[in-house]
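Novice: Residue numbers (my numbering): 44 to 347. Every residue gets a Cβ at the ideal spot worked out from N, C-alpha and C, and that includes glycine. Remember, predicted model here, so these are calculated numbers, not experimental data.
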């Protein structure tokens, strides 16, 4: 089976339609379909079946995609190993980051990679954890976040490594009735108006946990995924909010520890299995670990 046809099959698994594969690979849809037909003949079993006006992978097709990942990863490792004989790891690594994670870590990562010969092509992608695997069609590494009680990303075509745990706190305006407290319980927040993120993100998961503890459904005034906007609204007295500890930037907000609820988000790096064996990707993963160590060091220094 030809490697390039395996690549076409993997793209179909990632992108879902022949048209999307054709656009991604700069091919015509008919050329994509022809390559998939040839691959099916090479495999000796049907790889696709009708699904309305589209096609979908058969069980055999899905099994072959997993093997295609392994073959393509081995080809990439071989190319990377040959590059090592020509010098140090180098090349471009495509990285997606959720915005507040990018604000916290990306500058540290870029500084760590300076002079390494490895270049990051970074893009911000703000999606719930369940949608992260689809991003691996376009990125080598995805920085994602999830509630600490949610399961880790896993599957035959995705792997993840945990970077750090970031507590989630309550932020209020300086003249709020609770502003003089160092910590606050869920019961004290039961009647508040909340400014929250869209459903499916870690902060919203914590808010639902508060509802479970208090038995009171939170009154959510606005749902916004930009923490800067949320901070401005809280500071102006339009509600209270849950914020990841290291994302708080507004100088006038009062940060309160949340007592009685497990409240944190976990940072994870998602990639394809075997991706870390590529030297350039390995360098990027280590740069993220160094960035987390720097952030932790700064946080400890600020608390002492």
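Among 144, 317, 45, which one has its Cα closest to the Cα of residue 83?
Specialist: The count along the chain shown starts at 1 and reaches residue 83 at position 40. The shortest Cα separation from residue 83 among 144, 317, 45 belongs to 45.
Novice: Can you check which of these residues, 140, 225, 214, 315, is closest to residue 331 by C-alpha distance?
Specialist: Position 288 of the chain shown, counted from the start, is the residue given in the question as residue 331. The residue with the shortest Cα to Cα distance from residue 331 is 140.
Novice: Just to confirm, is the Cβ distance from residue 292 to residue 119 under 7 angstroms?
Specialist: Translated into the one-based positions of the chain shown, residue 292 becomes position 249. Translated into the one-based positions of the chain shown, residue 119 becomes position 76. In this structure, residue 119 does not lie closer than 7 angstroms to residue 292 by Cβ.
Novice: Is it buried or exposed for residue 190, if we count other Cβ within 10 angstroms and need 16 for buried?
Specialist: As a first step, residue 190 is located in the chain shown; it is residue number 147 there, counting from the start. Buried is the call here.
Novice: With a 10 Å radius around its C-beta and 16 neighbouring C-beta atoms as the bar for buried, classify residue 194 as buried or exposed.
Specialist: One-based indexing of the chain shown puts residue 194 at position 151. Exposed is the call here.
Novice: Is DSSP giving residue 198 helix, strand or coil here?
Specialist: Here residue 198 corresponds to residue number 155 of the chain shown, with the count starting at 1. Residue 198 falls in the strand class under three-state DSSP.
Novice: Would you say the region 275-284 touches the region 147-154, given that touching needs at least three Cβ pairs under 8 angstroms?
Specialist: As far as the Cβ criterion goes, the region 275-284 does not touch the region 147-154, which means the pair count is below three.
Novice: Drop a sphere of 10 angstroms on the beta-carbon of residue 88, count the other beta-carbons inside from all chains shown, and report buried for 16 or more, exposed for fewer.
Specialist: Taking the chain shown and counting its residues from 1, the one referred to as residue 88 is at position 45. With fewer than 16 Cβ atoms within 10 Å of its Cβ, residue 88 is classed as exposed.
Novice: When we look at the beta-carbon of residue 343 and count the other beta-carbons within 10 Å, is it buried (16 or more) or exposed?
Specialist: Numbered from 1 along the chain shown, position 300 holds the residue referred to as residue 343. By the 10 Å Cβ count, residue 343 comes out exposed.
Novice: Is it right to say residue 211 is buried, meaning 16 or more other beta carbons lie within 10 angstroms of its own, or is it exposed?
Specialist: The residue you call residue 211 lines up with position 168 of the chain shown. The residue is buried, with at least 16 neighbouring Cβ atoms inside 10 Å.
Novice: Cutting at 6 angstroms between CB atoms, please list the residues of its own chain near residue 351, excluding the five before and the five after it.
Specialist: Residue 351 is absent from the model: the chain starts at 44 and stops at 347.
Novice: Quick check on residue 247: does DSSP put it in helix, strand or coil?
Specialist: Residue numbering aside, residue 247 sits at position 204 when the chain shown is read from its first letter. Helix at residue 247.
Novice: Where do the N-terminal and C-terminal ends of the beta strand (DSSP E) with residue 297 fall, by residue?
Specialist: Along the chain shown, one-based indexing puts residue 297 at 254. From DSSP, the beta strand (DSSP E) with residue 297 extends over 297-301.
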